[in-house]
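Our numbering puts the first residue of the sequence shown at 908, with every later residue one more than the last. Just so it is clear, CB atoms sit at the ideal spot from N, CA and C, and this is done for glycine as well. Below is one structure, written out as structure tokens, with a few remarks after it.
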Amino acid sequence: YHIDELVELAKQYFSEAGPTREMAASCLAWWLSRPDLEMTHLTSFQQWADLALQEYLNTPSDIMKTMGVLQTITTILKVSTSDRSNLLRFVTPLWPAMAKLTETKPNNLLLRKYLIKWWTRIGTLYMPPRVVSWRYQRGCRSLKENLMRSTNVTREPKSAIEMSTKIRHPTPEQYELFLVPDQVEDAIGEVISGLSDPSTIVRWSAAKGVGRITERLPAICSDDVLDAILKLFDDREKDNDWHGGC
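Encoded structure:
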């Protein structure tokens, strides 16, 4: 098969239900993530995917095809080794359709799950990965070393906090002062709303998304995210909010 034929074959299986669609989406995403195919086929797929999403928004009939499109896009954002600038050029035209699709609050839980993954990976795409200075450190995790420190009278025991401070990481001054794009705020808002989703699968995906976006934020922004999460506990009767918040 020529690669064009393989791409078209994968698109045909997007309308199938079950593992066939998932495998087609996965294969297509890995193909389009190759550096050589990214230059020649990624833009055409982005245009085709945008049209497919617009068709679903106008006449929501082929939900399987839409799920295949979303799975392919989110997988590309996960596995691609391309520069962030190239991926942003790929996903920016898809933003309006994704936002409208999220506003419709689809009943299908897999569709909502893929949308949460989209917002998560979009939010992380706008900021480079980094090791935040304010992150939690669990210190020494070796039971043997902990016991040796507690029984060795000639050696002063060290607390977990003292052990964690020995881990080298950039100072706060190197990271705390930088601009967070507005797109990140929109993305984290959609992900936090997913913490209240009726489906456990979607809430788990949203919880992971909150963590992955927040770890790239400065401490002052992470405090705002924490405040938004704590608001989920205001109503004691909402089990979904409590589970998502925890």
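*Counting along the chain, where does the alpha helix (DSSP H) carrying Lys-972 start and finish?*
970-986
_Rounding to the nearest angstrom, what Cα-Cα distance links Asp-943 and Met-1055 in this structure?_
54 Å
*Rounded to a whole number of angstroms, what is the C-alpha to C-alpha distance between Leu-949 and Met-1005?*
18 Å
*Would Leu-977 pass as a contact of Arg-1028 if the rule is Cβ separation under 8 Å?*
no
*Taking buried to mean at least 16 other C-beta atoms within 10 Å of its own C-beta, is Arg-1143 buried or exposed?*
exposed
*Mapping DSSP to helix, strand and coil, what is Cys-1153?*
coil
*Could you work out which residue in Pro-1036, Thr-973, Thr-1031, Arg-996 is closest to Thr-1009 when comparing CA atoms only?*
Thr-973
*State the CB to CB distance for the pair Cys-1128 and Val-1098, rounded to an integer number of angstroms; the pair is presumed to be in contact (CB under 8 Å).*
Between Val-1098 and Cys-1128 the Cβ distance is about 14 Å, and since that is not below 8 Å, they are no contact.
*How about Thr-979 and Trp-1025: do their beta carbons lie closer than 8 Å?*
no
*Decide if Leu-1102 is buried, meaning its Cβ has at least 16 other Cβ atoms within 10 Å, or exposed.*
buried
*CA nearest to the CA of Leu-1124, picked from Trp-938, Ile-1023, Leu-1022, Met-1034*: Met-1034
*Inspect the beta-carbon positions of Asp-957 and Leu-1001 and report whether they are closer than 8 Å.*
yes
*Alpha carbon to alpha carbon, how far is Arg-1119 from Ile-1023? Give it in angstroms, no decimals.*
12 Å
*In terms of residue numbering, what span does the alpha helix (DSSP H) encompassing Met-930 cover?*
926-939
*asked:* Does Asp-911 come out as helix, strand or coil in the three-state DSSP assignment?
replied: helix
*Do the CB positions of Glu-945 and Ser-989 come within less than 8 Å of each other?*
yes
*So, helix, strand or coil for Asn-1015, using DSSP?*
coil
*What residues in its chain sit with their C-beta under 8 Å from that of Lys-1020, if we drop five residues either side in the sequence?*
Ser-1106, Ile-1108, Val-1109, Ser-1112
*Starting from Ser-992 and walking both ways along the alpha helix (DSSP H), at which residues does that stretch end?*
991-998
*For Ile-1136, which option in Ala-1126, Gly-1151, Gly-1030 has the closest C-alpha, if you only look at C-alpha atoms?*
Gly-1151
*Can you tell me the Cβ-Cβ gap for Trp-937 and Val-998, rounded? I've got them flagged as a contact below 8 Å.*
Not confirmed; about 17 Å, so no contact.
_Reference Thr-1011, options Leu-960, Leu-995, Arg-996, Ala-924, closest by Cα_ = Leu-960
*Kindly indicate which three-state DSSP category Arg-1028 falls into: helix, strand or coil?*
helix
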